[in-house]
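J.: With positions in the sequence shown counted from 1, the corresponding number in this note's numbering is that position plus 2. The beta carbon of each residue, even a glycine, is placed where N, CA and C say it ideally should be.
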Amino acid sequence: MPYPEKPKHVFEADGDAFSERFSFVIDEGFTKDVEVTRNGRGITVDIEVTDRAVIDTTRETFEADGPVRISVTDSGLYMTTSCALLAGRVRLRRTRFF
3 MPYPEKPKHV
13 FEADGDAFSE
23 RFSFVIDEGF
33 TKDVEVTRNG
43 RGITVDIEVT
53 DRAVIDTTRE
63 TFEADGPVRI
73 SVTDSGLYMT
83 TSCALLAGRV
93 RLRRTRFF
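(1) Kindly indicate which three-state DSSP category S77 falls into: helix, strand or coil?
(2) In the DSSP assignment, what residue or residues form a beta bridge with A86?
(3) Please classify V38: is it buried, with 16 or more other beta-carbons within 10 angstroms of its beta-carbon, or exposed?
(4) In this structure, does DSSP put R43 in helix, strand or coil?
(5) In whole angstroms, give me the CA-to-CA distance for R71 and R96.
(6) Taking the C-alpha atoms as reference points, what is the distance between D53 and E65?
(7) May I ask which residues mark the beginning and end of the beta strand (DSSP E) holding A15?
(8) In this structure, does DSSP put K34 in helix, strand or coil?
(9) Answer with buried or exposed for A15, where buried requires no fewer than 16 other C-beta atoms within 10 angstroms of its C-beta.
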C-alpha cells in the first residue's frame, strides 16, 4: 500500500516487548502524541491530540501474530499488522494511520 506521504523512518517491531512514543506538530497549537506498546500478540495504541486548550485521548487495542511495520511521517504513523484467521488458512493484513 503506498503512503500519501514519504516516510521519514521505517522499522519493524517483532513479538518482543516494545514501547515507543511519537510526537507530531500538525499546526500551530495542534499536536498529536502516539504511544505504541506491544507485548506478545497484544498491541495498544494511545493517541493524545491537543488543540490549544482541548485534549482528546483515544486508546485502540488489537492483535498481531507477526512483525509490526511502523512508518513514521510528518503528520503521524502508519502501522501495518497481520494476523492468521481460520486456523491459519487466511492471513489478514491491515494498515492503520494514527
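T.: Short version:
(1) The sequence position of residue 77 within the sequence shown is 75, counting from 1. Correct three-state label for S77: coil.
(2) Translated into positions along the sequence shown, residue 86 becomes position 84. A86 is bridged to R93.
(3) Here the question's residue 38 lines up with position 36 in the sequence shown. It counts as buried.
(4) Counting from 1 along the sequence shown, the entry for residue 43 is found at position 41. Coil.
(5) As a first step, residue 71 must be located in the sequence shown, where it is residue number 69. As a first step, residue 96 must be located in the sequence shown, where it is residue number 94. Distance between the alpha carbons of R71 and R96: 11 Å.
(6) Against the sequence shown, residue 53 aligns to sequence position 51. Against the sequence shown, residue 65 aligns to sequence position 63. Near 30 Å, if we compare the C-alpha coordinates of E65 and D53.
(7) Here residue 15 is taken as the residue at index 13 of the sequence shown, counted from 1. Start and end: 11-15.
(8) If you number the sequence shown from 1, residue 34 lands on position 32. Of the three classes helix, strand and coil, the one that applies to K34 here is strand, per DSSP.
(9) As a working mapping, residue 15 is identified with position 13 in the sequence shown. Buried, because 16 or more other Cβ atoms sit within 10 Å of the Cβ of A15.
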